[in-house]
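Asks: Numbering (our numbering), first residue to last: 22 to 327.
Below is one structure. I have some questions about it.
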């Protein structure tokens, strides 16, 4: 799907899952290199940035924790930027809310012909990049809120149920980290290319985007450490509970052992059995069992095992 927007001398073409015909149209209009055109047809494995003559080609992968229509987790979304002197082409393979919202902003300002709205392709790129990194911060905040809920549940006695929740949170943080890690090299290269492409005018603004990236990565490191602490705490509490259960079962086995032993002894098929056959022999045997059981309980209490 192709969305075309114009404002003064600037043209923005936003492609979503582009077709061959749509790619061919921008190749003819903007003189896009065939190698770049081929990359636009399908997602690229690794983020990168390059300069092709009078335009820059930039590929970034942004993490997303949402689910697609098939309810499968989509770990990241690719966004391609082609930044020319008076045009910018963006390519995506899924719908992104940041682009939908920015298209509306662009259309409104183009219709009103507001002079304060930027008419430079690099300005549009920077505005879109800021929105994308803010979306990453929203994703990070969602994971942080999830961890807070998990923490409350852990200390509310739901350690067993939180094992799966902790694993899912770990998967989300890992997706965030894996998607953002390659941005460091790409943004560093972009700073150098920006100086060549636009002069020093936009270098500081690209560094501001780079700072947003480093802040996001710092937050990811923070929530990863929180996850590790919660997982360790949860494992400790689970282990303590399991040990308490095993301790109780072991004590019960020791307590019932004298009862089984006494009942087995007096159930033996021998000619002579002490007590058996006397008056009140049943109550005497029950009394012996009771005294033995009480003695075991007293011993365990004295040792502070109960």
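Glycine included, every Cβ here is placed at the ideal spot set by N, Cα and C.
In the DSSP assignment, find the alpha helix (DSSP H) that holds residue 53 and state where it starts and stops.
Replies: Unbroken run through residue 53: none, as it is neither H nor E.
Asks: Per DSSP, what kind of secondary structure is residue 101 in: helix, strand or coil?
Replies: Strand.
Asks: Between 255, 306, 276 and 289, which has its C-alpha nearest residue 296's C-alpha?
Replies: Residue 306 is the option with its Cα nearest to residue 296.
Asks: Please give me, in chain order, every unbroken run of the alpha helix (DSSP H) with length at least 4 that falls completely inside the region 131–209.
Replies: DSSP runs (the alpha helix (DSSP H)) wholly in the region 131–209: 142–175 and 183–201.
Asks: By how many angstroms is the C-alpha of residue 271 removed from the C-alpha of residue 286?
Replies: Cα to Cα, residue 286 sits roughly 23 Å from residue 271.
Asks: So is residue 269 buried or exposed if we call it buried at 16+ other beta carbons inside 10 Å?
Replies: Exposed, by the Cβ-count rule.
Asks: So which of 67, 32 and 76 has the shortest CA-CA distance to residue 219?
Replies: Of 67, 32 and 76, the residue nearest in Cα terms is 76.
Asks: What separation, rounded to the nearest whole angstrom, lies between the Cα atoms of residue 217 and residue 205?
Replies: Residue 217 and residue 205: Cα-Cα distance of roughly 19 Å.
Asks: For residue 237 and residue 263, I'd like the C-alpha separation in whole angstroms.
Replies: Using only the alpha carbons, I get a separation of about 39 Å.
Asks: Are residue 141 and residue 32 close, meaning C-beta to C-beta below 8 Å?
Replies: No; because the gap between Cβ atoms is not below 8 Å, this pair is not in contact.
Asks: Report yes if the C-beta distance between residue 190 and residue 167 is below 8 Å; otherwise report no.
Replies: Yes; because the gap between Cβ atoms is below 8 Å, this pair is in contact.
Asks: Given a cut-off of 8 Å on the beta-carbon distance, is the pair residue 109 and residue 138 in contact?
Replies: Result no, Cβ atoms of residue 109 and residue 138 do not sit closer than 8 Å.
Asks: By Cβ distance below 6 Å, which residues in the same chain neighbour residue 37 in space, the five residues on each side in sequence not counted?
Replies: 22 and 113, listed in sequence order.
Asks: For residue 320, which three-state DSSP category applies?
Replies: Three-state DSSP puts residue 320 in a helix.
Asks: Is it true that the region 173–184 meets the region 253–263, where meeting means three or more beta-carbon pairs spaced less than 8 Å apart?
Replies: The region 173–184, when compared against the region 253–263, does touch it at the 8 Å Cβ threshold.
Asks: From residue 64 to residue 144, what does the alpha carbon distance come to, in whole angstroms?
Replies: Distance between the alpha carbons of residue 64 and residue 144 is about 25 Å.
Asks: Measure the CB-CB distance between residue 230 and residue 151 and report whether it falls below 8 Å.
Replies: Contact: yes.
Asks: To the nearest angstrom, report how far apart residue 69 and residue 85 are at their CA atoms.
Replies: Rounded to whole angstroms, residue 69 to residue 85 spans 19 Å at the Cα level.
Asks: Helix, strand or coil for residue 65, going by three-state DSSP, please let me know.
Replies: If DSSP states are grouped into helix, strand and coil, residue 65 belongs with coil.
Asks: If we ignore side chains and look at the alpha-carbon of each, how far apart do residue 301 and residue 310 end up?
Replies: Using only the alpha carbons, I get a separation of about 14 Å.
Asks: So residue 28 packs on residue 57, CB below 8 Å; how close in whole Å?
Replies: About 24 Å; that fails the 8 Å criterion.
Asks: With DSSP run on the structure shown, which of helix, strand or coil describes residue 34?
Replies: Note: residue 34 maps to strand in three-state DSSP.
Asks: Which residues does DSSP list as the beta-bridge partners of residue 109?
Replies: In DSSP, residue 109 forms a bridge with 33 and 104.
Asks: Per DSSP, which one or two residues make a beta bridge with residue 240?
Replies: Per DSSP, none; premise fails for residue 240.
Asks: Using the beta-carbon count (16 or more within 10 Å), is residue 312 buried or exposed?
Replies: With fewer than 16 Cβ atoms within 10 Å of its Cβ, residue 312 is classed as exposed.
Asks: Using 8 Å for Cβ pairs, my map puts residue 194 next to residue 248. What's the rounded Cβ distance?
Replies: Right, the Cβ-Cβ distance comes to about 6 Å (below 8 Å), so this counts as a contact.
Asks: Could you work out which residue in 105, 118 and 276 is closest to residue 154 when comparing CA atoms only?
Replies: It is 118 whose Cα lies nearest to the Cα of residue 154.
Asks: Is residue 128 helix, strand or coil by DSSP?
Replies: Note: residue 128 maps to helix in three-state DSSP.
Asks: According to the Cβ coordinates, are residue 47 and residue 165 closer than 8 Å?
Replies: Not closer than 8 Å, so no.
Asks: Note down the Cα distance separating residue 159 from residue 241, rounded to an integer number of angstroms.
Replies: Each residue's Cα considered, the two are about 12 Å apart.
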